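The structure appears below as structure tokens.
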Amino acid sequence: MKIDISGSTPLEHATPALVIGCFEDERDELFQGCDAALQGCLGRLADSREFTGRPSTSRLLHTLGKLPAERLLLVGLGKRGDLGYERLRQAAGNASQALRSARVSSFSSALHLSCTLPKSLEAVAVGALMGSYSFDLYKTKEKELRFAFQAMTLLVASEADIEKERARAERCRRLWEGIRLARDLVSHPGNVVTPGYLAQAARELAGRNGLECRVYESDELEQLGMNALLGVGRGAEEPPRLIVLQYHGGAAKGRPVVLVGKGITFDSGGISIKPGPGMEEMKTDMAGSAAVLGTMEAAALLQLPLNLIGIIPTAENMPDGKAFKPGDVLTSLSGTTIEITNTDAEGRLILCDALHFAQRYKPAALIDLATLTGACVIALGHEASGLLGNDQRLVDALKRAGEESGERVWQLPLWEEYGEGMKSDIADLKNAGSRDGGSIKAAWFLKQFVGDSRWAHLDIAGTAWSDKARPYSPRGATGVGVRLLIEYLEQRQQ
Ligand code: BES
Ligand code: MN
Ligand code: ZN
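When we follow my numbering, the leftmost residue of the sequence shown carries the number 766, and every step to the right adds one.
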């Protein structure tokens, strides 16, 4: 979808559809202007409570020549006093979804004009772009009925703002490229997105953005001693890999932020096989790696002035004659030995090697993202990602980024006591303990491999995929992590 900026006033602007925001408790100037042009139609809708302006409601009207805009889309903003960025993003996403169902492919939005907050244009642009997403690559029927958005015009209040606002909209478009990449990677099925596919996607990303990319294949992983990653990949035909992407936007000697993303392209559970129902969702077990790739893409497009490294351990977790088994002992890259008590706790195994490997880059901050535990879904549901770490300043910075970006996170404690159940009789550690406190135990396990790095871990098991449509996230892949990390990286600069 193309984005444009226009300084024309909403009431004089010709467009297939004009989107305006409506409050529950106030009829603002734009509402009144449109109402007058439509001879009181909007007032009627409000008086009769057919359209109240409640959040997540909308109403599409034809203007029949009474306004230069062919249609008017009213979008509920709720109460004036409750209006914030998240509400705006949601309203903009709602508008996109309403326009999609009406098959209106080009539109103009005046939504952000209802809000005086400084970044309201960005909130509307991002919400609209995110809400416009759909993934229908594998649908072969009724291709002629396909719908694709063409163009969105954002109306700004004064001609003088056009250049400034155009630059802001362009930033949103670049961020969106990263989010879309992450969503697409998660949406594709597991027979397409394999470790090899992720490696190729990383190479292409590097190619188009001028990043460095190195893919370590099995023999090199063997030489390095990444036996935890190799162990997990043993049961699959497709070999595991370690992908390293480097973006140099900062000072030559500047310590990088290192991102690590779990890239299990399908998690059957391995020999500790998962129950059948719902197993198809385990194609999303590479959402952490998708977030890392999406963030690398957006960071490069946005030309962020810092050094950023993305590390992706990737494998398929499958049962097979060669697969690793409960009771096996693996020697990880760090030398720490791990008794396998459950092959379904594979994420922490591929991550422990990648986190140890990350130390060689002397990270200024080390952040991993993983669909790591079902326990995190039990604890937080689908509304927030779990956040744990060994450095409260880093954790706090991520919390702030979560509030700003709308990708909420919630901190869980990481006390030493949680590690008591993770000691093995035969090896240094075991990979799975009892179910209680499962997310924290998993994070405690990871913590044993981060050395003295400032480290934070995001458990995105509940947030990477949505079973229901949300205002700016249709059912399916959410692209979680990209907005949060870009916000964090941008805040670091200030
Ligand atoms: N990939 C799963 C976690 C998961 C669950 C992600 C639900 C998304 C939605 C992970 O590899 C896993 O299987 N974890 C186990 C760990 C247990 C065996 C200690 C779990 O959470 O049950
Ligand atoms: Mn698993
Ligand atoms: Zn998994």
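C-beta atoms are modelled at their ideal positions from N, C-alpha and C, and glycine is treated no differently.
Remember, it's a predicted structure, so these values are computed and weren't measured experimentally.
Between residue i and residue j, what straight-line distance do the alpha-carbon atoms span, to the nearest angstrom?
{"i": "residue 1022", "j": "residue 1132", "result": "8 Å"}
{"i": "residue 930", "j": "residue 881", "result": "14 Å"}
{"i": "residue 1093", "j": "residue 1182", "result": "25 Å"}
{"i": "residue 1079", "j": "residue 792", "result": "53 Å"}
{"i": "residue 1223", "j": "residue 798", "result": "47 Å"}
{"i": "residue 874", "j": "residue 865", "result": "15 Å"}
{"i": "residue 1271", "j": "residue 950", "result": "Residue 1271 lies beyond the stretch modelled for the chain, which goes from 766 to 1259, so this question has no answer here."}
{"i": "residue 916", "j": "residue 786", "result": "19 Å"}
{"i": "residue 939", "j": "residue 1068", "result": "10 Å"}
{"i": "residue 1063", "j": "residue 876", "result": "25 Å"}
{"i": "residue 843", "j": "residue 818", "result": "6 Å"}
{"i": "residue 1209", "j": "residue 889", "result": "39 Å"}
{"i": "residue 1153", "j": "residue 1163", "result": "10 Å"}
{"i": "residue 1156", "j": "residue 836", "result": "52 Å"}
{"i": "residue 1184", "j": "residue 1204", "result": "12 Å"}
{"i": "residue 1220", "j": "residue 960", "result": "25 Å"}
{"i": "residue 1031", "j": "residue 1046", "result": "9 Å"}
{"i": "residue 983", "j": "residue 1004", "result": "7 Å"}
{"i": "residue 781", "j": "residue 1085", "result": "57 Å"}
{"i": "residue 813", "j": "residue 807", "result": "10 Å"}
{"i": "residue 934", "j": "residue 1255", "result": "16 Å"}
{"i": "residue 1059", "j": "residue 1083", "result": "26 Å"}
{"i": "residue 822", "j": "residue 1040", "result": "39 Å"}
{"i": "residue 885", "j": "residue 1213", "result": "42 Å"}
{"i": "residue 1177", "j": "residue 1201", "result": "14 Å"}
{"i": "residue 992", "j": "residue 998", "result": "10 Å"}
For residue i, does the three-state DSSP call read helix, strand or coil?
{"i": "residue 1132", "result": "strand"}
{"i": "residue 983", "result": "helix"}
{"i": "residue 1126", "result": "helix"}
{"i": "residue 1152", "result": "strand"}
{"i": "residue 911", "result": "coil"}
{"i": "residue 769", "result": "strand"}
{"i": "residue 1204", "result": "helix"}
{"i": "residue 1161", "result": "helix"}
{"i": "residue 1137", "result": "coil"}
{"i": "residue 796", "result": "helix"}
{"i": "residue 854", "result": "helix"}
{"i": "residue 901", "result": "coil"}
{"i": "residue 790", "result": "coil"}
{"i": "residue 1235", "result": "strand"}
{"i": "residue 1036", "result": "coil"}
{"i": "residue 1022", "result": "strand"}
{"i": "residue 779", "result": "coil"}
{"i": "residue 864", "result": "helix"}
{"i": "residue 869", "result": "coil"}
{"i": "residue 840", "result": "strand"}
{"i": "residue 1147", "result": "coil"}
{"i": "residue 1245", "result": "coil"}
{"i": "residue 916", "result": "strand"}
{"i": "residue 1142", "result": "helix"}
{"i": "residue 751", "result": "Residue 751 lies beyond the residue range present for the chain, which begins at 766 and ends at 1259; the question has no answer from this structure."}
{"i": "residue 814", "result": "coil"}
{"i": "residue 808", "result": "helix"}
{"i": "residue 845", "result": "helix"}
{"i": "residue 1028", "result": "strand"}
{"i": "residue 874", "result": "strand"}
{"i": "residue 889", "result": "helix"}
{"i": "residue 826", "result": "strand"}
Residue i and residue j look like a contact to me (Cβ under 8 Å); what is the Cβ gap, rounded to whole Å?
{"i": "residue 1166", "j": "residue 1073", "result": "Not quite, the Cβ-Cβ distance comes to about 15 Å (not below 8 Å), so this is no contact."}
{"i": "residue 1116", "j": "residue 1103", "result": "Rounded, the Cβ-Cβ distance is 12 Å, inconsistent with contact."}
{"i": "residue 1049", "j": "residue 1136", "result": "6 Å"}
{"i": "residue 987", "j": "residue 995", "result": "7 Å"}
{"i": "residue 1000", "j": "residue 1089", "result": "7 Å"}
{"i": "residue 834", "j": "residue 783", "result": "4 Å"}
{"i": "residue 1077", "j": "residue 1146", "result": "Not really, about 27 Å apart at Cβ, beyond 8 Å."}
{"i": "residue 1055", "j": "residue 1006", "result": "Not really, about 15 Å apart at Cβ, beyond 8 Å."}
{"i": "residue 1053", "j": "residue 1010", "result": "So it is not a contact: roughly 14 Å between Cβ atoms."}
{"i": "residue 1195", "j": "residue 1108", "result": "That pair is no contact at about 12 Å."}
{"i": "residue 1015", "j": "residue 1070", "result": "6 Å"}
{"i": "residue 767", "j": "residue 802", "result": "That belief does not hold up - the Cβ atoms of residue 767 and residue 802 are roughly 27 Å apart, past 8 Å."}
Using a Cβ-Cβ cut-off of 8 Å, state whether residue i counts as contacting chain B.
{"i": "residue 1178", "result": "In summary, chain B is missing from the structure at hand, where a single protein chain is found."}
Legend entry - Contained beta strand (DSSP E) runs [length at least 3] in the region 1039-1123, N- to C-terminal order: If only complete runs of 3 or more residues are kept, the region 1039-1123 shows the beta strand (DSSP E) at 1072-1082, 1094-1096, 1102-1104, in order along the chain.
Legend entry - Those runs of the beta strand (DSSP E) which lie wholly inside the region 926-1011 and span at least 3 residues: Qualifying beta strand (DSSP E) stretches, in chain order: 977-981.
Legend entry - Heavy atoms of the ligand BES versus C-beta positions, residues under 5 Å: Going along the chain, the residues that qualify are 1032, 1050, 1107, 1109, 1110, 1112, 1136, 1138, 1139, 1197, 1226.
Inset, instruction - Could you name each continuous alpha helix (DSSP H) segment of 4 residues or more that falls completely within the region 1172-1230, going from the start of the chain to the end? - result: Runs of the alpha helix (DSSP H) inside the region 1172-1230: 1203-1212.
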